[in-house]
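Each remark here refers to the structure printed beneath this line.
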Amino acid sequence: MPTFFHPAPAQAPADPRAVLARAASAPEHVERYGTHADALIDLYLPAQPATDAPLAVLFHGGFWKAPYDRTHLRPMAVALRARGWAVALPEYRRVGGPPGLQGGYPATYDDALRAALALPALLARRGMQPRHTRIAGHSAGGHLALWLASQPQVQADRVVALAPVADLRMAAAQNLGDGAVQALLGGPPEQEPAHYVATDVAERLSRHPGREIVIVHGQDDVQVPFDNLRCLMDRHPPITPHALASTEHFALIDPLLHPWPVVCAALEAAPAGA
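All letters in the sequence shown, in the order written, are residues 89 to 362 by the working numbering.
Structure follows, in structure tokens:
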């Protein structure tokens with residue numbers, strides 16, 4: 089599958105980090121998928137929710153570190169809700185969390201999986217049965233979304249990864265996020281090889297997972313460089329990549345910036361062959 093290259097915007101983009109501090113409305117509901125304090129899912133439902141509204145499940149980034157939580161994806165959730173989506177923002181345990189909430193392997197992955205598996209029943213209690221489900225994530229959350237694509241029990245017809253950490257071994261070698269991968273997995277690959285085999289999507293997606301996978305990545309990304317995709321793309325050509333010129337890391341989650349139509353198209357396009 090060829091890479092789709094998108095040209096640079098006509099005007100210079102605004103500050104792409106502004107979205108991280110932008111206020112957004114609170115969710116209509118906050119559900120629990122487990123017993124620990126971070127086992128939460130924000131639910132944003134359309135103003136007049138159809139029982140079969142499409143569902144977008146958004147996993148936040150922040151290099152799996154405790155200071156970064158789901159709230160910085162709320163502007164994106166609000167914008168998608170306005171387009172008729174039901175939106176779920178799961179929280180998960182992150183590295184450096186307080187006692188009882190320490191993330192890393194396997195806790196972070198256990199939480200992502202439990203949240204995804206809990207959502208159908210949580211929505212059914214509210215009379216909703218989404219007509220389709222898209223799992224998406226940004227940065228570290230993009231990695232979790234891709235990892236969930238390799239879990240056959242997860243219900244999703246498409247996974248959309250925005251600037252994902254797609255190759256954990258490369259990210260560890262490049263020391264992305266000041267050693268974020270090593271902190272997540274307990275050490276470098278030579279120290280914890282089994283942890284990398286269990287989590288590195290560049291290896292886990294060895295076969296097409298039976299659902300569409302779309303990646304959107306900015307070519308000016310310095311937090312997760314575009315080259316981090318290459319191993320995954322070389323091994324798994326069915327994945328559809330979109331490369332955005334003059335686009336950095338955080339612009340992909342801001343509904344006010346130029347990548348937003350590409351992100352929406354990745355989520356909303358009809359399934360291949362439909």
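Every residue, glycine too, gets a C-beta built ideally from N, C-alpha and C. Please read these numbers as outputs of a predicted model, since none were measured by experiment.
In the DSSP assignment, the beta strand (DSSP E) including residue i goes from what residue to what residue?
| i | result |
| --- | --- |
| GLU119 | 117–120 |
| PRO252 | First-last for PRO252: undefined, no H or E at that position. |
| THR335 | No beta strand (DSSP E) contains THR335, which DSSP labels as neither H nor E. |
| GLY191 | Looking at the DSSP string, GLY191 is not in any beta strand (DSSP E), and its letter there is neither H nor E. |
Rounded to a whole number of angstroms, what is the C-alpha to C-alpha distance between residue i and residue j?
| i | j | result |
| --- | --- | --- |
| ALA331 | GLY306 | 6 Å |
| GLU356 | GLY172 | 11 Å |
| SER227 | ARG213 | 31 Å |
| THR287 | ASP342 | 28 Å |
| GLN241 | VAL285 | 19 Å |
| ARG120 | PRO208 | 13 Å |
| VAL247 | MET164 | 16 Å |
| LEU108 | VAL166 | 14 Å |
Apart from the five residues just before and just after residue i, which ones in its own chain have a Cβ nearer than 6 Å to its Cβ?
| i | result |
| --- | --- |
| GLU179 | ASP126, LEU128 and ARG158 |
Leaving out five residues before and five after residue i in sequence, what residues of the same chain have Cβ atoms less than 7 Å from its Cβ?
| i | result |
| --- | --- |
| LEU317 | ALA254, ILE303, HIS305 and PRO329 |
| THR139 | GLY215, MET216 and GLN217 |
Starting from residue i, trace the alpha helix (DSSP H) in both directions and tell me its first and last residue.
| i | result |
| --- | --- |
| VAL285 | 281–287 |
| VAL269 | 268–273 |
| GLY229 | 228–237 |
| PRO349 | 348–356 |
| LEU345 | Premise fails: LEU345 is in no alpha helix (DSSP H) and is neither H nor E. |
| ARG318 | 318–323 |
For residue i, I'd like the list of residues in its chain whose CB is within less than 8 Å of its CB, leaving aside the five on either flank, ordered along the chain.
| i | result |
| --- | --- |
| MET89 | For MET89, the pLDDT reaches just 43, beneath the cut-off of 50, and the residue's location in the model is therefore unreliable, leaving the point undetermined. |
Of the residues the options, which one's Cα is nearest the Cα of residue i?
| i | options | result |
| --- | --- | --- |
| ALA154 | GLN190, GLN136 and VAL145 | GLN190 |
| ALA249 | ALA358, LEU320 and ALA206 | LEU320 |
| LEU293 | VAL310, ARG323 and LEU205 | ARG323 |
| LEU177 | LEU168, ALA353 and HIS220 | LEU168 |
| GLU291 | ASP245, GLN243 and TRP235 | TRP235 |
| ALA135 | ALA174, GLY149, VAL145 and ASP103 | ALA174 |
| ALA203 | ARG219, GLY185, LEU232 and PRO115 | LEU232 |
Complete beta strand (DSSP E) runs within the stretch 131–184 (minimum length 3 residues, chain order): 143–147 and 174–178
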